[in-house]
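J.: In our numbering, the protein residues as written are 499 to 675.
We treat Cβ as the ideally placed atom computed from N, Cα and C, and that holds for glycine.
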Amino acid sequence: MSIETLKSALPDYAKDLRLNLSSVLSQPMLSANQTWGTALATAIAARNPAVIAAINAELADKIDATNVNAAKVAASLMGMNNIYYRYVHLSPTADFKTMRAGLRMNGMVGHGADGLDFELWSLAVSAVNGCGMCIESHEHEVFKKGATKEQVQAVVKIAAVITAVSAALEGAAALGE
């Protein structure tokens, strides 16, 4: 499946998503690694097999295997961390904020991708998963590594559109459309 096939599968009421999918995947302030790593990581976070397959099919000539793997690492680690740290942040029990998480996160440093790119992917997945504590942490890191506000906005727009496309496709399937 390709991005074009994915767009054609969207119902008519999701026309804006079709248009936005093309535009968010061609933002000039992002490198190919930043764009397609974000797309893959957020597709995995959005959990729609058709969207994951379409994004994955587009990756072959856009980013190398190391970056593909690192985007998968970002998605998997944020899937865990966003739940844990969202709970810590929202819990009324203050002690959780000072307790050691004790969760293995070796992939945060052993992923092989550019540090800024990995942080952008982690930020985008954290936005999908709604973890304010992780968003704050990763946003701080991307700015420290030299990202612009426009780059941050761009990866969050990719996350928003990929997630909305996933939801629209699932909704259409559930409605028999």
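Is the beta carbon of M527 closer than 8 Å to that of E648?
T.: If you number the sequence shown from 1, residue 648 lands on position 150. If you number the sequence shown from 1, residue 527 lands on position 29. A contact, by the Cβ cut-off of 8 Å.
J.: Can you tell me where the alpha helix (DSSP H) with V566 in it begins and where it stops?
T.: Along the sequence shown, one-based indexing puts residue 566 at 68. Unbroken alpha helix (DSSP H) run through V566: 563–588.
J.: When the Cα atoms are used, what is the spatial distance from D510 to L601?
T.: Here residue 510 is taken as the residue at index 12 of the sequence shown, counted from 1. Here residue 601 is taken as the residue at index 103 of the sequence shown, counted from 1. Going by the C-alpha atoms only, they are around 43 Å apart.
J.: Take every Cβ of the region 534–544, pair it with every Cβ of the region 608–627, and state whether three or more of those distances are shorter than 8 Å.
T.: With a cut-off of 8 Å, the region 608–627 and the region 534–544 count as touching, because enough Cβ pairs lie within range.
J.: Shortest alpha-carbon distance to N531 belongs to which of A558, A512, L517, A543?
T.: For this step, residue 531 is matched to residue 33 along the sequence shown. Measuring from the Cα of N531, the nearest candidate turns out to be A558.
J.: Quick check for students: name the residue ranges of the beta strand (DSSP E) that lie wholly in the region 524–550, counting only runs of 3 or more.
T.: The qualifying runs do not exist here; there are none.
J.: Compute the Euclidean distance between the alpha carbons of K505 and I656, then round it to the nearest angstrom.
T.: Taking the first residue of the sequence shown as position 1, residue 505 is located at position 7. Taking the first residue of the sequence shown as position 1, residue 656 is located at position 158. Each residue's Cα considered, the two are about 15 Å apart.
J.: Would you call M576 buried or exposed, if buried means 16 or more other Cβ atoms sit within 10 Å of its Cβ?
T.: Counting from one through the sequence shown, the residue named residue 576 turns up at place 78. Buried: at least 16 other Cβ atoms inside 10 Å.
J.: Suppose the cutoff is 7 Å on Cβ atoms and the five residues either side in sequence are ignored; what does the same chain contact list for A544 look like?
T.: Residue mapping note: residue 544 aligns to position 46 of the sequence shown, counting from 1. The answer, listed in chain order, is V626, I660, T661, S664.
J.: Output the distance between the C-alpha atoms of P590 and Y583, rounded to the nearest integer angstrom.
T.: Residue mapping note: residue 590 aligns to position 92 of the sequence shown, counting from 1. Residue mapping note: residue 583 aligns to position 85 of the sequence shown, counting from 1. Near 13 Å, if we compare the C-alpha coordinates of Y583 and P590.
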